[in-house]
Each structure stands twice: as structure tokens, then as C-alpha cells.
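These notes are about the structure you will find just below.
Residue numbers (our numbering): 416 to 840.
Right, here's the structure in full:
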């Protein structure tokens, strides 16, 4: 029973990376929340949304009325302005101008809005990817910790087995081969323990990097694998993935953007209408005392009809058409990839569920075998070496169960990533 108690502790508890008494304990939710707030890629993608939003002001400003004011001083050798009989002329103008109609007006506004949608999709994609990577990193840390603890128990059993075999050899009850075999098992278990300890350090550092924690900051995580059975419907999941996956949203918007750019390119062949109104006050001196007798107003409309621009519009139109085909093929490729990712992760979940049930049964059988071995050993019907073999069998079963639990949880995280679930939550 002592071994059973020793083995069970790895199913939960804390995992340390250079931990101290004051080290903060991180759960999976803590890791996710911190990463989403501090990851450089996510923060950069969020800033990009603001950047695109402000850039849209510039793009749309071409079609928003502009108000201007001018103040001029003119020194003449002779009076050149008939209404101002003076060598000096002071003029203050106030006016407004606007593009009243252009074929690229509507598509330009749509391009600005679509560009903002694309920036948001990129941000959601970064969030979706980060959530998956943090989950995978957290599960890897749990796996590494539990494997390390299992290997500690295995090394202890193998060492005890070797020492017992040596003692039996000295009593003439074991052969040289038995001693050699026991020693090989012990050395192998020592090597596995060293390897698992190093792997634990590596995965903890990797998790700290994902969270953007300082390299010298201590970290401790707490959690366990969720082995509850989850059921998904593949067809519904594929439909959701094709709707909500950020990369698909981004690609669909890219197609829309290309179509609007074609409309803008076509506007190079079409006329546009502009209008302006200017009101001027003139005075023969700088007193700014404009009596009104020299005031003037101008209302102007202009139609611009492009005749030839050096084939620039032709080039823009053909480039826009090619860009549409390119974006459509990109969307098709992304959709195929997402469908494949969804199917693969779904099949991995189904496979892991079956393996998990088998491993649960395997652990249960190994535990029962160990109980029987302990009872037979207490009655003198079983040798010490046979008892240790039963203990090692349980350790092996526990190892396989932990690995399968990790595979199951990673498969679920991969599936959620494939259908774009994390960013929607």
C-alpha cells in the first residue's frame, strides 16, 4: 500500500520551476489570462487594429468636405485689381470643397471597413493560436512533472530490487544473471529519471516564454488532466470551423477587399464630379475693416473625364483581377486546411478516448495484481523479486495512462483551435 500512496500523488498537485515559498501558483486559466494580456504578438495585433482604424480616416478623407481659409497680401507696382484702387491688396478667403461623386467613393469606404475587419481577424487568429499553444505548453508541463514523479518511484523500486537481488546472490539464492538484469533495470531507471528531470526544466521554461515571463522569475503550476468524456459532432464542427475560424474570416475578407480594389481600379476609366465654394473679403489696407464693397463669392463645379493616363488604369485593373483570383485560391486552400485540421483533431480525440478507457482498465488491473502480489508475498507464496515486478508493472501502466491523458487533452485543444473556439470564448 505504501507504493500505491506514493504513485497516486502524481495525478494532481503543484509543479515547480525553481520554486520558492513565495512563488506564485499558476492554474491553466491564470496562464491563459496572463498570456492574452501580455503576449507581444497579441498586443501587436491589437495595436494594428488601432493603426488600421486611424489609417481609414486618411482613406475616407478624400471624399469628406474640406474647409479652408487663406489670407493674402499683394503688393503691386500699379493697381492690378480693378475693384481695389490701391497698390496694396489684402484678401481673406474662406471656402469649402468636396468630391460630389466618384465611382471609387463607395469602394474606397468599403475597403477601409474591410481592412479593419481583416485586422480584427488577424488579432483573433493570434489569440486563437496563443490559447492553443499555452494549453499545449501547460499540458506538457503537467505530463513532464507526472512522468518525473513516476520515474522517481520507478528508480526507487529498481534500486531496491537491485539491492535485494544482490543480497539474495550473496546468500546463493540468485544468479549472476539475475543481479546483472536488476542492475541494468536500475541504471535504465536512473537515466530515465535524469532525462525526465531535464525535460521538466525545458517545458517549464518554454511555458514561461509563452507567457512572456522574465527568464529569472520562479514559476509553479497547479492542475490535472481532464479525462471526462467529451462528444463532438464532426459535420457540425466543420461547419462552425468554416464560419468562425479567424484565418477563414480573414481570407473571405481578403476576397471582398480584392473585389472592391477592382472597382477602384475601374474608376480610373470613369468621370468624377467635384465642387467648391469660396467667399473672399478684400481691403486696400491691413486694418481688416472689410466694408463689403470688395467682397466676392465663387461657386465652381468640375467634371473630370480621364482620357489617357499612360495605361496606369489598365495596369491597375489587370493587377486587381489577378489579385481576386489569388485571394480566391488562398481562401480555398485555407478552407481545405481547416477542414483537414478539424478532421484530424476529431479522429485524434476519438482514438484517445478509446485508448484512455483501455489504459484506465490497464491501471485498474495492475493495481489489483499488485494487491494480490502483496497478499501472496505476506503469506510467503511470492518472492520479493516477483513483488517488485508487480510494482514495476503498475508504474508502467500509470505511465501509459498519464501519456494517454496528455494526448487526449492536447487532441481536444487542437480540435478547439481548429474550429476557432478559443477566441470566441
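Where is the CB? At the ideal position from N, CA and C, for every residue including glycine.
All of these numbers come straight from a predicted model, not from anything done at the bench.
{"Item": "Between 718, 447 and 540, which has its C-alpha nearest residue 687's C-alpha?", "Value": "718"}
{"Item": "For the structure I just gave you, are there three or more beta carbon pairs, one from the region 441-456 and one from the region 620-631, closer than 8 Å?", "Value": "yes"}
{"Item": "Is it right to say residue 721 is buried, meaning 16 or more other beta carbons lie within 10 angstroms of its own, or is it exposed?", "Value": "exposed"}
{"Item": "Could you compute how far the alpha carbon of residue 669 sits from the alpha carbon of residue 811?", "Value": "52 Å"}
{"Item": "Can at least three beta-carbon pairs, one atom from the region 516-525 and one from the region 588-608, be found at a separation below 8 Å?", "Value": "no"}
{"Item": "Can residue 775 be considered in contact with the ligand NAP, in the sense that its beta carbon sits closer than 8 Å to one or more heavy atoms?", "Value": "The model on display carries no ligand, and the ligand NAP is accordingly not part of it."}
{"Item": "Does DSSP put residue 510 in a helix, a strand or coil?", "Value": "strand"}
{"Item": "Check the C-beta distance from residue 681 over to residue 738 and give it rounded, since I have them as a contact under 8 Å.", "Value": "Actually they are not in contact, since the Cβ atoms of residue 681 and residue 738 sit about 13 Å apart, beyond 8 Å."}
{"Item": "Count the C-beta pairs between the region 473-490 and the region 560-572 that are closer than 8 Å, then say yes if the count reaches three, no if not.", "Value": "no"}
{"Item": "Suppose you measure from the CA of residue 679 to the CA of residue 828; what does that come to, to the nearest Å?", "Value": "42 Å"}
{"Item": "Helix, strand or coil, according to DSSP, for residue 558 in the structure here?", "Value": "helix"}
{"Item": "Taking the alpha-carbon positions, what's the residue 729 to residue 541 distance?", "Value": "37 Å"}
{"Item": "In or out: residue 848 buried (at least 16 other Cβ within 10 Å) or exposed?", "Value": "The first residue shown for the chain is 416 and the last is 840, placing residue 848 beyond what the model contains."}
{"Item": "Is the separation between the beta-carbon of residue 549 and that of residue 577 shorter than 9 Å?", "Value": "no"}
{"Item": "Go ahead and label residue 793 buried or exposed: buried means 16 or more other beta carbons lie within 10 angstroms of its beta carbon, across all protein chains shown.", "Value": "exposed"}
{"Item": "What does the alpha-carbon distance come out to for the pair residue 777 and residue 801?", "Value": "19 Å"}
{"Item": "Going by Cα to Cα distance, which pick from 695, 647 and 692 is closest to residue 834?", "Value": "647"}
{"Item": "Count the other C-beta atoms from every protein chain shown that fall within 10 angstroms of the C-beta of residue 665, then say buried if there are 16 or more, exposed otherwise.", "Value": "buried"}
{"Item": "Helix, strand or coil for residue 518? Go by DSSP, reduced to three states.", "Value": "coil"}
{"Item": "Could you compute how far the alpha carbon of residue 470 sits from the alpha carbon of residue 545?", "Value": "27 Å"}
{"Item": "Use the C-beta contact count for residue 644: other C-beta atoms within 10 angstroms, 16 or more gives buried, fewer gives exposed.", "Value": "exposed"}
{"Item": "Per the DSSP calculation, residue 486 is bridged to which residue(s)?", "Value": "507"}
{"Item": "Based on the DSSP output, what are the partners of residue 713 in its beta bridges?", "Value": "693"}
{"Item": "Hey, residue 757 and residue 653 are a contact pair by Cβ (cut 8 Å); roughly how many whole angstroms apart?", "Value": "5 Å"}
{"Item": "Taking the straight line between their C-alpha atoms, what separation do you get for residue 460 and residue 607?", "Value": "42 Å"}
{"Item": "Looking at C-alpha atoms only, which residue of 695, 784 and 775 is the closest neighbour of residue 813?", "Value": "775"}
{"Item": "Between which two residues does the beta strand (DSSP E) harbouring residue 637 extend?", "Value": "634-637"}
{"Item": "Just the C-alpha distance for residue 637 and residue 475, rounded to the nearest angstrom, thanks.", "Value": "51 Å"}
{"Item": "Tell me where the alpha helix (DSSP H) around residue 768 begins and ends.", "Value": "727-793"}
{"Item": "By DSSP's criteria, residue 440 is part of a beta bridge. Which residues make up the other side?", "Value": "635"}
{"Item": "Under three-state DSSP, which class holds residue 445?", "Value": "helix"}
{"Item": "Between which two residues does the alpha helix (DSSP H) harbouring residue 612 extend?", "Value": "591-625"}
{"Item": "Alpha carbon to alpha carbon, how far is residue 845 from residue 465?", "Value": "As shown, the chain starts at 416 and ends at 840. That puts residue 845 outside it, with no answer to give."}
{"Item": "With burial defined as no fewer than 16 other Cβ atoms inside 10 Å of the residue's Cβ, what is the status of residue 462: buried or exposed?", "Value": "exposed"}
{"Item": "Name the two residues that bound the continuous alpha helix (DSSP H) containing residue 655.", "Value": "649-659"}
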